[in-house]
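Reading through the structure tokens given below for one structure.
Protein chains: 2
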Amino acid sequence: MREVPEAIAGKLTEAADAFASSFEDLRMDDIARASGIPRATLYYYFSGKDDILGFLFAAMLAEIRVGLAAAADAGGSVRDRLGGLVRALLTQMATHPAAAQLLLTNLGRAGKLPDMAAGLQEAAYGPFERVVAEGMAGGELRPRDAAVTAVALFGAVCIAGLQALVTEGHLEGGRLAATLEELFWAGLAAEQPPTGRRT
Amino acid sequence: MREVPEAIAGKLTEAADAFASSFEDLRMDDIARASGIPRATLYYYFSGKDDILGFLFAAMLAEIRVGLAAAADAGGSVRDRLGGLVRALLTQMATHPAAAQLLLTNLGRAGKLPDMAAGLQEAAYGPFERVVAEGMAGGELRPRDAAVTAVALFGAVCIAGLQALVTEGHLEGGRLAATLEELFWAGLAAEQPPTGRRT
DNA sequence: GCCAGATTTGGACGGAGCGTACAAACCCGG
DNA sequence: CCGGGTTTGTACGCTCCGTCCAAATCTGGC
């Protein structure tokens, strides 16, 4: 397509939360009105509605990526970094509640699914998997399939966040993050509480 | 609406996997052709496409519900029952791969989201939450917010399953279930492996 | 067997909304 | 002032949805 100017991109991403919340089914005119960009201009830069959704998705993924990458590369114990990842993901969802909800409940529409999966892999599971693999190699984590573990953690956080968004309308990230982080770390089992080292 | 006859319901649910796999964007005619039910008849029983999606969703939920309820009410230790829940959920996804994929990636379309959430709550988190709460009360599980725990488990299984479906095209439930079950039970931490009692 | 009502189906139609075409305006460097 | 890229309004065709209707078929009560 064509390179999207900063002004257009900015207006779109800012308006995303606005029109995403009224997503009964999102008309092209809605996007135009909410973003203040005329329909014709939108078609000048994007090939269609799905392309716009894809663009917004990519923008959100990029934002998530930097947040998660920072959390993954932060110092501290593996447990702290995993906790950071959980918190970063939930923070992202809390910051753009409508967009997050739209995205997670319409994954199949913002482009081809495999591309989507690849993007998520790189931006989302990726950081989780890095930290998990590292922790297993270093002996801090019980050895196990790192890829599956990463996807499971990611899925748990996303769905728990989504559920809170849908039923409560907003996201109180702090408590949720703490519960999830502790659950992941210690597991369900009651016996022999592992003393997770927190730095 | 009108009560859907068994013949219609059967044809639809059987065809669901067929037309769900070609879901670039699902036309009404596709549904009609794939299911062998004429368009006019579909409109006689359903108010529209979303209504059909909703119906299929409900049917799948019902199927999931019985599977999960059975697993939740089975005998054995809490750990066994949780493992059974995980396996039941993945089995369901493996049995209807295309439908599961369509559903999870289009949650926002098969009806109002809050209804959807309520249905999922009842059929999916519900059984998890029952077993989890019971396990915590009985001392087998570490006490913790049971609702959050249940949603997290459910989300982890669903997303891990979905990821496998999208990237590999099918679902090898056994290994995945075992990994997830063990992960949930023991947690990430390496120290002091809790000896999960398996009956 | 016959009738009234419900079900099943085909075909035609109106309308929504998408994406395209195009032309007029505008900006901007040379 | 000119040529090319950008911005925008407007109009159009097309696809597909959902509705309407009428003919055909089925079904149960009598």
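As you go down the protein sequences, you meet chains A and B in turn. The numbers in the first sequence follow the numbering used here, run straight up by one, and end at 199. The numbers in the second sequence follow the numbering used here, run straight up by one, and end at 1199. Even glycine gets a Cβ: it sits at the ideal position worked out from N, Cα and C. Source: prediction; values computed, not measured.
Looking at the C-beta of residue i, does it have a partner C-beta in chain B at a distance below 8 Å?
i       : result
P194(A) : No answer about P194(A) holds up, because its pLDDT of 47 lies below 50 and its placement is not dependable.
I52(A)  : no
L141(A) : yes
F154(A) : yes
I64(A)  : no
I31(A)  : no
A70(A)  : no
G173(A) : no
F19(A)  : no
How many whole angstroms separate the CB atoms of residue i and residue j, which I take to be in contact at a CB cut-off of 8 Å?
i        : j        : result
L61(A)   : I52(A)   : So it is not a contact: roughly 15 Å between Cβ atoms.
R1081(B) : W1185(B) : 12 Å between Cβ atoms; not a contact.
A88(A)   : G67(A)   : 4 Å
I1031(B) : F1019(B) : 6 Å
K11(A)   : S35(A)   : 5 Å
G1161(B) : M1093(B) : 5 Å
A1124(B) : I1064(B) : 6 Å
E1172(B) : V1086(B) : Contact doesn't hold; Cβ gap of about 14 Å is too wide.
List the residues of chain A whose Cβ lies closer than 7 Å to the Cβ of residue i, in chain order.
i        : result
L1113(B) : T105, V166
F1046(B) : Near F1046(B) there are no residues of chain A at all, since even the closest Cβ is about 17 Å away, more than 7 Å.
For chain A, find out if any of its Cβ atoms is closer than 8 Å to the Cβ of residue i; answer yes or no.
i        : result
R1144(B) : yes
G1108(B) : yes
I1224(B) : Here chain B covers residues 1001 to 1199 and nothing more, so residue 1224(B) does not appear.
L1176(B) : yes
Is the beta carbon of residue i sitting closer than 8 Å to the one on residue j?
i        : j        : result
G1155(B) : G187(A)  : no
A71(A)   : G84(A)   : yes
T1149(B) : R144(A)  : no
L1090(B) : A1146(B) : no
V975(B)  : L113(A)  : Because residue 975(B) is not part of the residues shown, which for chain B are 1001 to 1199, the question remains open.
Y45(A)   : R2(A)    : yes
A1152(B) : L183(A)  : yes
R1142(B) : A189(A)  : yes
T13(A)   : A58(A)   : no
A1098(B) : D1017(B) : yes
R1039(B) : D1029(B) : yes
F1055(B) : V1132(B) : no
I1159(B) : I159(A)  : yes
S77(A)   : E129(A)  : no
Give the interface partners of residue i over in chain A, defined as CB-CB distance under 8 Å, in chain order.
i        : result
T1149(B) : T179, L183, L188
Taking Cβ-Cβ distances shorter than 9 Å, what residues in chain A pair up with residue i?
i        : result
A1100(B) : Neighbours of A1100(B) on chain A: none; closest Cβ ~12 Å, over 9 Å.
Along chain B, which residues have their Cβ under 8 Å away from the Cβ of residue i?
i       : result
A117(A) : Q1163, V1166, T1167
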